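Q: Residues in the sequence shown are numbered consecutively from 18, following my numbering. Got a structure for you, written out below as structure tokens; questions coming shortly.
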Amino acid sequence: MGETVSHHYDVIVLGGGTAGVVAAIQAGRAGAKTLLVEKTGMLGGTTTTGGVNFPGLFHAWGKQVIAGIGWELVTRAVAEADGALPDFTDYSGHHSRLQIRVNPFIYAALCDEAATKAGVEILFHTMAAGLAPGWRVTLCTKTGLQEVTGTVVVDATGDANAVTLAGFPLNISEELQPATLSCRASGYDPATLDYDAIDRAYAAEVQAGRLEITDGSWNTQVASCRQWLQARGANASHIHHINARDSAGKSRLELEARASLLRLYRFLRTQPGLENLVIESVAPECGVRETATIKGKKMITADDYRTGRVWEDSVCYAFYPIDLHRSTGDGLGKEPLAEGVVPTVPRGA
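Next up, the structure:
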């Protein structure tokens with residue numbers, strides 16, 4: 018059966034992504050004996066394995082409202098790569114201009130470094146297999162099952178995996194936001210392409226059933242791959258109607274995401290100006306926007322968010338447009354916050 022030795026920790030963090038790595042570093046710096054469990058071989062989550070390497074937003078209306086360890090890691094990653102931060106006072110364009118681009122390798126390595134310096138014990142390629150009373154966590158390692166116990170267990174899996182194992186209630190939407198497999202394409206000059214001709218050919222392939230309409234964009238009504246070509250494959254497609262909260266669903270999603278990219282790749286290389294197209298890199302995992310969430314003690318409604326409700330027990334600010342990817346229309350519903358509004362997040366949300 019493999020390892021069965023039990024170890025006790027003050028804090029066990031399940032999931033080493035965007036939130037989990039910060040939680041573990043903070044616990045370690047506070048002097049807690051901390052274990053960080055990550056299912057992949059890299060910390061950073063969406064920023065690294067998910068291919069969305071432009072975190073934000075940290076500033077609201079010209080003033081920084083989010084800082085802490087996340088800000089520390091992001092700005093260190095920019096400095097390490099001799100990069101530059103955007104102008105956080107300019108709100109004249111798209112909100113993405115205020116996001117901060119980081120090198121995924123550098124960001125992941127800095128997460129390793131910061132967690133290690135904080136005394137955090139890291140277990141890669143490991144997942145929780147059970148959660149029993151007394152905060153007994155069964156871990157599935159490469160050599161078998163191992164039990165650990167914790168005073169505090171933090172579910173930072175992104176899919177509420179630990180909460181599921183504990184038998185607590187979840188929120189699961191009837192309609193989930195679509196997922197995206199990000200990549201980096203090269204071998205062509207976007208400025209010289211005949212987009213109208215390529216889109217006509219793309220539409221014909223969609224009509225014939227050889228391509229899905231969102232293989233090359235988010236739009237479910239207009240057949241076009243212009244978005245994908247101009248973005249060079251970064252965050253520019255949608256995979257629909259697969260809930261990746263369990264292993265079977267995640268496997269279906271990964272298979273469909275790569276099949277989608279392969280279909281698009283084969284088509285694009287038949288088009289003038291794209292004969293030498295190369296997929297230089299692909300995110301290690303398909304990026305998942307929504308699976309299940311913890312049914313917390315409090316719920317933030319859309320009205321709470323858009324009005325900037327200040328909760329009495331708020332623990333942090335949040336600042337991003339209401340941004341809902343969908344499987345209808347143009348694929349995205351976006352509602353910017355009114356000027357001056359800075360939402361808050363209460364404890365237990």
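Idealized CB from N, CA, C, for every residue including glycine. Remember, predicted model here, so these are calculated numbers, not experimental data.
Using beta-carbon positions only, say whether S234 and Q244 come within less than 8 Å of one another.
A: Closer than 8 Å, so yes.
Q: Under a Cβ-count criterion, where at least 16 other Cβ atoms within 10 Å of its own Cβ denotes burial, should A309 be classed as buried or exposed?
A: Buried, because 16 or more other Cβ atoms sit within 10 Å of the Cβ of A309.
Q: According to DSSP, is G19 part of a helix, a strand, or is it coil?
A: Interpretation of G19 is limited by its pLDDT of 49, a score under 50 that renders its predicted location unreliable; the figure taken from the coordinates is listed afterwards. Note: G19 maps to coil in three-state DSSP.
Q: Hey, quick one: how far does the beta strand (DSSP E) through G298 stretch, first residue to last?
A: Reading the sequence as shown, one finds Ser at residue 298 and not Gly. 295-299 is the span of the beta strand (DSSP E), which, as asked, contains S298.
Q: From T133 to L127, what distance separates their C-alpha atoms?
A: Cα to Cα, T133 sits roughly 10 Å from L127.
Q: What do you get for C333, buried or exposed, if any count of 16 or more other CB atoms within 10 angstroms of its CB means buried?
A: Result: exposed.
Q: Compare the C-alpha of P72 against each of E271, R118, V170 and name the closest.
A: Nearest of E271, R118, V170 to P72, Cα basis: R118.
Q: Per DSSP, what kind of secondary structure is D27 in: helix, strand or coil?
A: DSSP places D27 in strand when its eight states are reduced to three.
Q: Who are the near neighbours of G62 in its chain, counting only those whose CB is closer than 6 Å to its CB and skipping five residues on each side?
A: Same-chain partners within the cutoff: G34, T35.
Q: Out of A319, P353, D320, state which residue places its alpha-carbon closest to the alpha-carbon of S109.
A: The residue with the shortest Cα to Cα distance from S109 is P353.
Q: Which residues does DSSP pair with E352 in a beta bridge?
A: DSSP, once it has assigned bridges, lists I339 as partnering E352.
Q: Please state whether DSSP places S199 in a helix, a strand or coil.
A: Coil at S199, not helix or strand.
Q: Give me the Cβ distance between Q194 and G346, rounded to the nearest whole Å; I'm assuming they're in contact under 8 Å.
A: At roughly 13 Å, the Cβ-Cβ gap does not stay under 8 Å, so Q194 and G346 are not in contact.
Q: Any contact between the region 169-176 and the region 83-95? By contact I mean 3 or more CB pairs, one from each, below 8 Å.
A: Taking 8 Å as the limit for Cβ pairs, the verdict is that the region 83-95 does not touch the region 169-176.
Q: State whether the region 192-207 contacts the region 317-336, with contact taken as three or more CB pairs (one from each stretch) at a distance under 8 Å.
A: The answer is no - the region 317-336 does not touch the region 192-207, with fewer than three Cβ pairs under 8 Å.
Q: Pick out whichever of A131, L182, V137, T168 has its Cα sitting closest to the Cα of L156.
A: Of the listed residues, the one whose Cα sits closest to L156 is L182.
Q: Could you check what DSSP says for G147 in three-state terms: helix, strand or coil?
A: DSSP places G147 in strand when its eight states are reduced to three.
Q: Provide the residue span of the beta strand (DSSP E) that contains Y334, from first to last.
A: Counting along the chain, the beta strand (DSSP E) containing Y334 begins and ends at 331-334.
Q: So, for G151: in the same chain, excluding its five sequence neighbours on each side, which residues have a beta-carbon less than 7 Å away from its beta-carbon?
A: Excluding sequence neighbours, G151 sits near T166.
Q: For V171 and Q43, what's the separation of their Cα atoms in angstroms?
A: Cα to Cα, V171 sits roughly 12 Å from Q43.
Q: Give me the Cα-Cα distance between T21 and A145, rounded to the nearest whole angstrom.
A: Residue confidence for T21 is low, a pLDDT of 47 falling below 50, so the modelled location carries little weight; the figure read from the coordinates is stated next. Roughly 14 Å separates the two Cα atoms.
Q: If you count every other CB in all the chains shown that lies within 10 Å of the CB of D99, and 16 or more means buried, which is it?
A: Classification for D99: exposed.
Q: State buried or exposed for K56, treating a residue as buried only when at least 16 other CB atoms are found within 10 Å of its CB.
A: Under this definition K56 is a buried residue.
Q: Say whether the region 256-270 touches the region 202-218, bearing in mind that this needs 3 or more beta-carbon pairs closer than 8 Å, one atom from each stretch.
A: Counting Cβ pairs under 8 Å, fewer than three are found: no touch.
Q: Nearest to H257 by CA position, among A274, S241, C242, A251, is which residue?
A: Ranking the options by Cα distance to H257, first place goes to A274.
Q: Going by alpha carbons, who is nearest to L60 out of L278, F141, K80?
A: If we check each option's Cα against that of L60, F141 comes out closest.
Q: Taking the alpha carbon of V362 as the reference point, which residue from G348, E329, E356 has its own alpha carbon closest?
A: The shortest C-alpha separation from V362 is found at E329.
Q: What does the alpha-carbon distance come out to for the pair G250 and N70?
A: The alpha-carbon atoms of G250 and N70 are separated by roughly 13 Å.
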